[in-house]
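Numbering (this note's numbering), first residue to last: 203 to 1284.
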């Protein structure tokens, strides 16, 4: 694309701004095509610099260019390079000048674009970037708009230093930046300060606004350049910078008002400004961040300046204690955080330890800022989502209450005794005030005084919380109060009040107390709270019913400690009225204010997984509500986490209902298939992964395919077990719609949809195991193998290739598989030759163990060597032996889990240490225990039954047998999830308990998604492969018995080889294994 195409591109940009949806979509699709043409980015740069074009087109070009750079500048290993080298160089040569000649939002956007390029290319591939910025900054002098643009560009480049891992490369770059930039930055800061304070200060408000915005960026850059280590330049010039910061904190009220009033009247919105008239407060807030950094990281160098800054910040906070204006929240929050950082360091104790100092700190600084402000109350009532995000989730948003609580926590850590004594009297006074207000009004709601209890509860929550985690809440408390007693006296009575709409803030505070201290409450209190949940789910306050949902979910995640399997603290029999609990949850979701509440949907999911069959009486209304909600959100998907948990709930409903009545799957198909069709036809791609996983769950409600059942029956017979009873729907056949859909699912373009590979592989697995007739009827077996081959070449998707091929081996009789077996292994060998990653080789080891269990150990050796002579020995040497221990003890699913176990052991009752104390959640997960068992059994079978490997004198015996024995022993000893012997014993106990346990969803109930659900993995859509080693409970015993059988085949030889070829450590492991199994090798 050359510059002659600029008009066409500009016209397309204009159409992307059209109010007509179809026209916008067509234009966006054209842009997606254009961006693959060389010169695309250069044309965008030309359009945004052309003053003859309309402003909205130039701004659109700026935004499109920035987003294109964001997506495409970094070249990933497996992606195309959409920006040719010539275009890259031309952009870098022109973009700074384009930024300087732009104005307003356009300049801001291009500054960000330069920062994005700089993140990848600076300094190696763009060495003149910084010299160009410095030169322009020096030449521009007092042209503050352009100086701001340059400073914002520098800030965009340098701010990543705050979060990057320490490395030689990072420090080399930072040293280069500081050597070139620190001096000019300091000179600019001094010159600008002379325009704000002193004899030559400006008196024009609009000019001062530009200066202060530049100073704000300078302060931000200062933080970025100092965040990793104290640079020598800033250490040498610390006095100069600290004087600048003190001058900014000491700005007189007249100058402050002049600047803020002018900023409020300004129409320039390019600088971040949530509140237009608070520019000075933004600068002071950034100063507090900067001195907080120095007080925390460079305390010895900062000692001389610390007392004066503490005094300055202290006085500033006291001066503002009477203001409730939300525009001061960020400044007050950062100032309080600065004091917290100083208090938390033991060397600073002398600044605060005087009793009168602590008392003033508590009275004059903490208490005024811990009170519920008018802005907090407005958020509670009018913007409840934001209130919840700040109060419950610990968002990054600064609130003075949050920062005051952090200061209380820091004070309690440093001066626990005197601080608790101080605050205990305040808390008692506040609770007395509230009690008096209640007594004065009788049964009526107290019009005043309730805020006293709000403050008291917040103080207790802050002071009593000694050890806490985001996941589990408080795990230990201070001596301020007895947590259960305070709960019984001051919290539970509020929650037992039948008027759930009375004092909603206090109700929310009490629910938050229960959420925070749930780990310290007795079991009886937990069960009481669960059964109070329906009342609060009916509350009209959005905050209250969402807090109730959050509490319910977290209580249902709690487990009884020291059990071999995840055992719920609250089981289905503890819930008094299941129908009411589900009904109230659905009613909460029907409210316009909470119709997409993530908290309520998560709670509903946990409730159903807890109740299991007890929620069946409510299933019709539940499914109708979920399906109706899905039909609404597909028209405008907006909340990814809500959507995720909606699909989770549908998966659970399918499994629960069909477990009780298999034939009911047809009702789900009738309700959901039309919606699935709408999603696929309208290309709602964010729902594709969910639809495919839900389809897999629905398909798996039908019986296993005939050959899979034959394999399982043969395995049971070989193990001496009775045949498994036929399923209730043994003769049921999947609906014809599944077969009709299959060819479309194998279209290559569909597998390129974001998040689709995992879900489609999961669906192919379901087809193979439960509807292989559809694969045969549509002649798609080879197409599936083609997908397997493509996925195998991808480093990110190779694991899903094994998902498909493992099911493929089970689905077809050996006679049908025979033509494909060699090609399956050729693909594997080609991938091994091209790229051996740890993840791939671990998956391969797992697959080879699975292959042995499906066929036999001798079959594996014969087929592999049939592809290439003696290649099995190389796979043994390079893959199986090195990876066996990890494949057994740490499955691939635990490498980068898309979901994590969040089991919470209740601490409110006495915990008796027993055999299973200290088990990690990963070692208790089904995937860890299953792989520890099945992979080890498959490798044990290979080790003891493959003639060329196990027989003394066999082709591969001399070099590989003893090392494989060592690897298997190490994997067994490491235990599931590498939890050691405790985890192994728990796993064996769990295998024996599973059949008798009533819970159908052990892992799923206690598993939560991590992050923002970007992986699309549905927990309740997880699948358990058919058991190919029935009768084997303990793989350690199986190994001992298998070695015993082998030694009988070759008397005197096996034990001799083990004694001479195993290390002392491994021999010790072996002897322990044999003695525990009561086995003696001959």
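Glycine included, C-beta positions come from ideal geometry on N, C-alpha and C. Since the model is a prediction, treat every value here as computed from it, not as a measurement.
Item                                                                                                                         : Value
Separation of residue 956 from residue 355, as counted between CA atoms                                                      : 32 Å
For residue 489, the three-state DSSP class (helix, strand or coil)                                                          : helix
Coarse secondary structure for residue 388, derived from DSSP in three states                                                : helix
Environment of residue 1032 [buried if 16+ CB atoms lie within 10 Å]                                                         : exposed
Residue 1137: first and last residue of the uninterrupted alpha helix (DSSP H) it sits in                                    : 1128-1147
CB contact flag (residue 796, residue 846, <9 Å)                                                                             : no
Proximity test, residue 920 beta-carbon vs the ligand ATP heavy atom, cut-off 8 Å                                            : Inclusion of the ligand ATP in the displayed structure is not the case, the ligand content being empty and no account of it being possible.
Buried versus exposed call for residue 1226 [16 or more other C-beta atoms within 10 Å across all chains shown]              : exposed
Residue 1056 at chain C interface by Cβ criterion, 9 Å                                                                       : Reference to chain C is not applicable here, since this structure consists of a single protein chain.
Residues sharing a beta bridge with residue 578, DSSP                                                                        : According to DSSP, which records beta bridges pairwise, residue 578 is partnered with nothing at all.
Rounded straight-line distance, which links the Cα of residue 352 to that of residue 436                                     : 21 Å
Opening and closing residue of the alpha helix (DSSP H) in which residue 276 lies                                            : No alpha helix (DSSP H) contains residue 276, which DSSP labels as neither H nor E.
Status (buried if at least 16 other CB within 10 Å, exposed otherwise) for residue 1280                                      : exposed
Separation of residue 1150 from residue 1114, as counted between CA atoms                                                    : Low confidence applies to residue 1114: its pLDDT is 45, below 50, so where it sits in the model is not reliable, and the reading given next is rough at best. Each residue's Cα considered, the two are about 51 Å apart.
Close Cβ partners of residue 1215 (< 6 Å) along its chain, the five nearest in sequence each way excluded                    : Here the model assigns residue 1215 a pLDDT of 48, short of 50, so the residue's position is not dependable, and the following value carries that caveat. The answer, listed in chain order, is 842, 843 and 846.
Supposed contact pair residue 966 and residue 1027 - C-beta distance, whole angstroms, cut 8 Å                               : Not really, about 20 Å apart at Cβ, beyond 8 Å.
Nonlocal neighbours in the same chain, by C-beta distance under 8 Å from residue 973, ignoring five residues either side     : 901, 904, 907, 936, 940 and 941
Buried or exposed (CB count within 10 angstroms, at least 16 for buried), residue 770                                        : buried
Extent of the continuous alpha helix (DSSP H) to which residue 751 belongs                                                   : 744-758
Cβ pair residue 1142, residue 1240 closer than 9 Å                                                                           : yes
Anticipated Cβ contact below 8 Å, residue 1078 with residue 969, distance rounded                                            : Contact doesn't hold; Cβ gap of about 33 Å is too wide.
Own chain residues within Cβ distance below 8 Å of residue 1290, not counting five before or after                           : Residue 1290 lies beyond the range of the chain shown here (203 to 1284); nothing can be said about it.
Contact belief for residue 713 with residue 738 at Cβ below 8 Å, rounded distance in angstroms                               : 7 Å
Inter-residue Cα distance where the pair is residue 445 and residue 659                                                      : 41 Å
For residue 303: DSSP bridge partner residues                                                                                : DSSP lists no partner for residue 303.
Residue 1087 beta carbon less than 9 Å from that of residue 1139                                                             : no
Neighbourhood of residue 362 by C-beta distance below 7 Å, restricted to the same chain and skipping five residues each side : 321
Assigned exposure category for residue 283 - 16 Cβ within 10 Å defines buried                                                : exposed
Inter-residue CB distance, residue 168 and residue 440 (contact presumed, cutoff 8 Å)                                        : Since the first residue of the chain shown is 203 and the last is 1284, residue 168 is not available in this structure.
Own chain, CB closer than 8 Å to residue 1069, minus 5 neighbours either side, in chain order                                : 1024, 1027, 1028 and 1031
Identity of the residues DSSP links to residue 770 by a beta bridge                                                          : 761
Minimum length 3: unbroken beta strand (DSSP E) runs contained in the stretch 557-639                                        : none
Rounded C-alpha distance that separates residue 953 from residue 212                                                         : 33 Å
Segment contact, 8 Å Cβ cut-off, at least three pairs: the stretch 1253-1264 with the stretch 996-1008                       : no
Start-to-end residues for the alpha helix (DSSP H) that takes in residue 860                                                 : 842-862
Proximity of residue 874 and residue 854 at Cβ, strictly below 9 Å                                                           : no
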